[in-house]
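Below is one structure, written out as structure tokens, with a few remarks after it.
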Amino acid sequence: HASAPLDPELTTLLNSPTWSTGKFNGALTLNGTNQSVDTGTYDVGNALTITAWINLSASASSCQTIFANDPRGGTSNGFSFYVDTYQTSDRRLYFATGNGTIGSAAYSVSGAVPTGVWTFVAVTVNRTTGTVRFYVNGADVTSRGRLLVTTYATNQSNRIGAFTNNALLFNGSIDEVSLYNSLLTSD
Numbered sequence: 013h014a015s016a017p018l019d020p021e022l023t024t025l026l027n028s029p030t031w032s033t034g035k036f037n038g039a040l041t042l043n044g045t046n047q048s049v050d051t052g053t054y055d056v057g058n059a060l061t062i063t064a065w066i067n068l069s070a071s072a073s074s075c076q077t078i079f080a081n082d083p084r085g086g087t088s089n090g091f092s093f094y095v096d097t098y099q100t101s102d103r104r105l106y107f108a109t110g111n112g113t114i115g116s117a118a119y120s121v122s123g124a125v126p127t128g129v130w131t132f133v134a135v136t137v138n139r140t141t142g143t144v145r146f147y148v149n150g151a152d153v154t155s156r157g158r159l160l161v162t163t164y165a166t167n168q169s170n171r172i173g174a175f176t177n178n179a180l181l182f183n184g185s186i187d188e189v190s191l192y193n194s195l196l197t198s199d
């Protein structure tokens, strides 16, 4: 499986996130208020898997963004992968999309993501069929696995820990973020 490398030489740390002990080697700890990582502009394609090790802060709530190319959510053109429904702490994983006119989201079961521990999260997205699967520590936790909006932008600026307008930021640590241009399985 080919992956889009998140090369540290090609990324920009925004507002000085701190390096901390990660699941493997170092992780980035993000404060949930203004820190994220700009990973540049590239096309994520029609078959996509995003994986990451996350350690979500217990105080985190309301859309804890793991990875996004979306400028502001809702109907804006792009996608976002995050924990928690807007203004809640339901600990669901979400993959939301918009095309500039309408938006939609697929999501996991409630309580899928614990806080205060390293957790492996993954989403697989088949843009052609509109199907999405969510995994936590290898287990399928999908509740709603269908996207109604599949015409979202795939070739634009991407961020770890925030939407591209630096909103809805992640509060906790993120390690080993990977993108694949294929649909990985839980194996």
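Read left to right, the sequence shown gives residues 13 to 199 (my numbering). In this text, a Cβ means the ideal position worked out from N, Cα and C, and glycines have one as well.
Does F36 come out as helix, strand or coil in the three-state DSSP assignment?
In the structure shown, F36 sits in coil (DSSP, three-state: anything other than H, G, I, E or B).
Under 6 Å Cβ to Cβ from R156, same chain only, skipping five residues before and after it: list those, please.
Cβ neighbours of R156 beyond the five flanking positions: A118, Y119.
Let me check one thing: in DSSP terms, what residues is Q76 bridge-paired to?
According to DSSP, which records beta bridges pairwise, Q76 is partnered with V95.
Under the assumption that L42 contacts L181 (Cβ atoms under 8 Å), give the Cβ distance between them as a whole number of angstroms.
6 Å between Cβ atoms; contact.
Exposed or buried, what is T131 when buried is set at 16 or more other beta-carbons lying within 10 Å of its beta-carbon?
Classification for T131: buried.
Tell me the start and end of each unbroken beta strand (DSSP E) in the stretch 80 to 145 that is at least 3 residues and wholly inside, in chain order.
Complete beta strand (DSSP E) runs here, min 3: 90 to 95, 105 to 110, 115 to 120, 131 to 138.
Where do the ends of the beta strand (DSSP E) carrying R171 lie?
Start and end: 167 to 172.
In the DSSP assignment, find the beta strand (DSSP E) that holds A59 and state where it starts and stops.
Residues 59 to 68.
How about F146 and L105: are their beta carbons less than 7 Å apart?
Against a cut-off of 7 Å, the Cβ pair of L105 and F146 comes out as a contact.
Look at N89 and G115 and say whether their C-beta atoms are less than 7 Å apart.
No. Outside cutoff.
Could you spell out the range, first to last residue, of the beta strand (DSSP E) harbouring N183?
Its beta strand (DSSP E) spans residues 183 to 192.
For F36, I'd like the list of residues in its chain whose CB is within less than 8 Å of its CB, leaving aside the five on either flank, ordered along the chain.
Closer than 8 Å at Cβ, skipping near neighbours: W65, D187, E188.
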